[in-house]
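Written out below as structure tokens is the structure these notes cover.
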Amino acid sequence: MELSPEEQAMLQGELGEPRRWAIEHMMRVGRFFDAPDFVEVTQAHIMADTESLGEAGVAFLENLMTYPASERQVRIPMITDPRGIDFCHYQRLKQTDEMAVLEQRTIEAFESMGILMTNTCINYQTIMPPVRGEHLAFGDTGVVIYCNSVLGAYSNFEGGPSSLAAGLTGRTPRYGLHLDQNRKATRRFRVEHQPEHLSDWGALGGIIGARTGSYWEVPVIEGIDSNPDSDEMKHLGAAMASFGSVPLFHLVGVTPEAPSLESVCDPDSLAVETIGEAVFEEFFARYGGKGEKVDVVVFSAPQLSLLEMQSLAALLDGEKIHPDTSLLAVTSPVVAADARRLGIAERIEASGALVLEGMCFYQSYAREMGEANGWKRLMTNSVKLTNIIGGYGYEPTLSNMENCVASAIAGEIV
Amino acid sequence: MATTELKCHVGVGPEVSGEALVTDDNFSARYDLDRIAGVFSRPQHKLAGKSYVDKIMVFNTAKGGVASAWMLHEMKSRGIAPKAILFNNVNPILAQGAALANMALCDRFDEGDVTQLIKTGDQVTVNPQLGLVTITRD
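Line by line, the protein sequences are chains B and X.
At position 384 of the first sequence (counting the first as 1) the number is 384 in this note's numbering, and the numbers step up by one without a gap.
Quick note, this note's numbering runs 1000 ahead of the 1-based positions in the second sequence.
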């Protein structure tokens, strides 16, 4: 890789050991992907949950803390993805004190590096939405696909170590989605059934993600009649990234790089793959459980926007969750604060549901929580969550928010 | 004994040898594994129930899961980890994770579909710096 004088100085350790480690780590990754050089980035976002860090990851961060502030502090604004713990609720969720201690150690390490603990995977709705053409180093696949696709920013999927390296150096290797030639459509989908609920948008993302199935493929989607809103695009993208490791999609007439089909591909060169009503029905049909007891209903992955919280509150007004069922509404600290100020959180909690903030269900020791609480049958409107949670011992059922709430009240899947 | 050499893109991590465990399925450390027990746990995965400890794993591609970048490091620190992971095509997350964990990882094989070229039970040596994988069969 071609290095600037400043990058050479980092590699020589002249700017301290943390930045030397960071540039060397990124050079390994850059070499793997044939990056010619580095590109400067304006923001970094890091996945920070302790379940994935483990003792080894936390110890790695604590080692960085031992260097002088001038050497360990990040050079660009850097924020965090959801944590594994909501300190106000972890005991009620039967998470352990050991988990909370590991979380506290992580927070101290990140804060000593000047990282802002935003604890959110909806930073594009709540913190600082990127602008078109902005180069970023963002963690969380849902964040990356949204910022690339809906906002026209440039980011690869950055795992924690690489996000941290980008924060410490202010750059990332120039490969993948930082290069315009990798942003053209390679697959063409025509939708012949209009998504209605957020779970339908997620299903469309899951269908396209599963068919596309590669970080190096870019789907372009035609046939959507409506103008989707931010939450709809959020569920579409999060599911697509989860099912297919897809980091970018184009929606003709909606996303900024695709004002027309021709702007992202040669239409004659790509076969049209249609997605009709039957494909949606088949997607939903694989989630069973109708009539069975539901242990936990989860709204999470991605965290809820203020408008999703408002919709949930309206469905729960005057209702009580079944005593043998739990309902968890998971959101960001910013949205939670607004939801409290506006009385929305209290309306949700009056039903017996829990409002959790700064965490995400599947990043929060979901296996241990499930075992401790006896949760097996999980219901959600998040297609992304259904894709992940099976590996943690749950049996997921997918439906829209209205049916999820009705099931939580009935104590069984309606 | 017959040996076969496969050429791939330059990878990350050290040279290692071990027994192959192969599937044409995909891989995510977050979605697919019970990392404490060291087995594949997602019921739909083609290797469900199988141990990955000290294996040379071979998959088609990697999926979702930014967290996997920390997880390889964490798995390796406890000694409950694969020795190497080979893909037809990997996403950045796993490559970044292998770089942190110093775990051998390679992809992009000249000879074609690596999930067909290597068989479960083969003895395999992976040299990421040379981009070379050697298969030994009885």
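From the three backbone atoms N, C-alpha and C, an ideal C-beta is built for every residue, glycine too.
Partner residues on chain B for residue i, Cβ-Cβ distance less than 7 Å
i: Gly1112(X); result: Ordered by position in chain B, no residue passes the 7 Å Cβ test against Gly1112(X), which lies about 16 Å from the chain.
i: Ile1093(X); result: Phe157, Gly159
i: Ser1041(X); result: Gly391
Whether residue i touches residue j by CB criterion (8 Å)
i: Ile208(B); j: Leu251(B); result: no
i: Tyr365(B); j: Leu385(B); result: no
i: Ala35(B); j: Tyr175(B); result: yes
i: Glu395(B); j: Gly244(B); result: no
i: Gly16(B); j: Glu71(B); result: yes
i: Cys265(B); j: Ala337(B); result: no
i: Pro18(B); j: Leu64(B); result: yes
i: Val1066(X); j: Ile1118(X); result: no
i: Gly170(B); j: Arg75(B); result: yes
i: Asn1091(X); j: Thr1061(X); result: yes
i: Leu328(B); j: Leu356(B); result: yes
i: Met113(B); j: Gln73(B); result: yes
i: Leu1100(X); j: Ala1069(X); result: yes
i: Cys121(B); j: Leu136(B); result: no
i: Lys294(B); j: Ile413(B); result: Lys is not the amino acid found at residue 294(B); the sequence shown has Val there. For Val294(B) and Ile413(B), yes; Cβs fall inside 8 Å.
i: Lys1083(X); j: Gly1018(X); result: yes
i: Gly1112(X); j: Lys1007(X); result: no
i: Met1001(X); j: Asp1138(X); result: yes
i: Glu217(B); j: Arg188(B); result: no
Beta-carbon neighbours of residue i, restricted to chain X and to distances below 8 Å
i: Pro161(B); result: Ala1069, Trp1070, His1073, Gln1096, Gly1097, Ala1099, Leu1100
i: Asp49(B); result: Ala1067
i: Leu53(B); result: Trp1070, Glu1074
i: Val29(B); result: Val1012, Pro1092, Ala1095, Gln1096, Ala1099
i: His135(B); result: Within 8 Å Cβ-Cβ: nothing; His135(B) doesn't reach chain X, min ~15 Å.
Continuous alpha helix (DSSP H) stretch holding residue i: start and end
i: Met369(B); result: 366 to 373
i: Ser164(B); result: A small correction: the amino acid at residue 164(B) is Leu; Ser does not occupy that position in the sequence shown. Run containing Leu164(B): 160 to 169, per the alpha helix (DSSP H) assignment.
i: Glu7(B); result: 5 to 11
i: Leu1117(X); result: 1114 to 1117
i: Val279(B); result: 277 to 285
i: Pro1092(X); result: 1092 to 1101
i: Cys147(B); result: 141 to 149
i: Leu315(B); result: 306 to 316
Inter-residue CB distance, residue i and residue j (contact presumed, cutoff 8 Å)
i: Gly389(B); j: Lys320(B); result: In the sequence under discussion, the amino acid at residue 389(B) is Ile, which differs from the Gly named in the question. The pair is not a contact, with the Cβ atoms about 25 Å apart (cut-off 8 Å).
i: Val1053(X); j: Leu1086(X); result: Not really, about 17 Å apart at Cβ, beyond 8 Å.
i: Thr118(B); j: Ile85(B); result: Not a contact, Cβ separation roughly 15 Å.
i: Ser399(B); j: Gly358(B); result: Rounded, the Cβ-Cβ distance is 26 Å, inconsistent with contact.
i: Val29(B); j: Ala1095(X); result: 6 Å
i: Asn1089(X); j: Lys1063(X); result: Going by Cβ atoms, the distance from Asn1089(X) to Lys1063(X) rounds to 11 Å, so no, they are not a contact pair.
i: Pro130(B); j: Gln303(B); result: Not quite, the Cβ-Cβ distance comes to about 18 Å (not below 8 Å), so this is no contact.
i: Leu164(B); j: Ile23(B); result: Incorrect: roughly 12 Å between the Cβ atoms, too far for contact.
i: Ala1098(X); j: Leu1072(X); result: 6 Å
i: Glu1005(X); j: Thr1120(X); result: Contact doesn't hold; Cβ gap of about 19 Å is too wide.
Residue i, enclosing beta strand (DSSP E) - first and last residue
i: Met47(B); result: Here Met47(B) belongs to no beta strand (DSSP E), and DSSP marks it neither H nor E.
i: Leu342(B); result: From DSSP, Leu342(B) is part of no beta strand (DSSP E); its letter is neither H nor E.
i: Gln1123(X); result: 1123 to 1127
i: Phe1059(X); result: 1056 to 1061
i: Arg419(B); result: Given a span of 1 to 414 for chain B in the structure shown, any question on residue 419(B) remains unanswerable.
Interface partners of residue i on chain X, CB under 9 Å
i: Leu15(B); result: Per Cβ cutoff of 9 Å: no residues; Leu15(B) is ~20 Å from chain X at best.
i: Ser245(B); result: Asn1026, Ser1028, Thr1061, Ala1062, Lys1063, Gly1064, Gly1065, Asn1091, Ile1093
i: Gly213(B); result: Asn1026, Asn1060, Thr1061, Lys1063
i: His235(B); result: Ordered by position in chain X, no residue passes the 9 Å Cβ test against His235(B), which lies about 15 Å from the chain.
Proximal residues to residue i (C-beta, below 8 Å), its chain only, five neighbours per side dropped
i: Glu192(B); result: Gly223, Thr274, Ile275, Gly276, Glu277
i: Ile145(B); result: Gly237, Ala238, Met240, Ala241, Val246, Pro247, Leu248, Phe249
i: Met401(B); result: His197, Leu198, Ser199, Phe299, Glu308, Ser311, Leu312, Leu315, Asn381
i: Gln12(B); result: Arg20
i: Ser52(B); result: Gly160, Gln363
i: Tyr67(B); result: Gly16, Glu17, Pro18
i: Val58(B); result: Thr50, Leu102, Arg105, Thr106, Ala109
i: Arg367(B); result: Tyr392, Gly393
Within chain B, the residues that residue i reaches when beta carbons sit closer than 8 Å
i: Asp1122(X); result: The premise fails here: Asp1122(X) is roughly 24 Å from chain B at the closest Cβ pair, so nothing lies under 8 Å.
i: Gly1011(X); result: Phe32
i: Pro1082(X); result: The contacting residues do not exist; Pro1082(X) stays about 16 Å from chain B at best.
i: Asp1032(X); result: Gly391
i: Gln1044(X); result: Gly390
Neighbourhood of residue i by C-beta, 6 Å cutoff - its chain only, sequence neighbours within 5 removed
i: Ala339(B); result: Met309, Ala345
i: Pro256(B); result: Arg132, Gly152
i: Gln194(B); result: Asp225
i: Thr141(B); result: Phe157, Ala241
i: Ala1127(X); result: In the sequence as displayed, the identity of residue 1127(X) is Asn instead of Ala. Answer for Asn1127(X): Glu1015, listed in chain order.
Partner residues on chain X for residue i, Cβ-Cβ distance less than 7 Å
i: Ala56(B); result: His1073, Glu1074, Ser1077
i: Trp216(B); result: Asn1089
i: Asp140(B); result: Val1066
i: Gly176(B); result: Pro1092
Chain-order list of residues whose beta-carbon lies under 7 Å from that of residue i (same chain, five-residue window excluded)
i: Leu1050(X); result: Correcting the residue type first, residue 1050(X) is Lys in the shown sequence and not Leu. So the qualifying residues of the chain are Leu1021, Val1039, Phe1040.
i: Phe33(B); result: Pro173, Tyr175, Gly176
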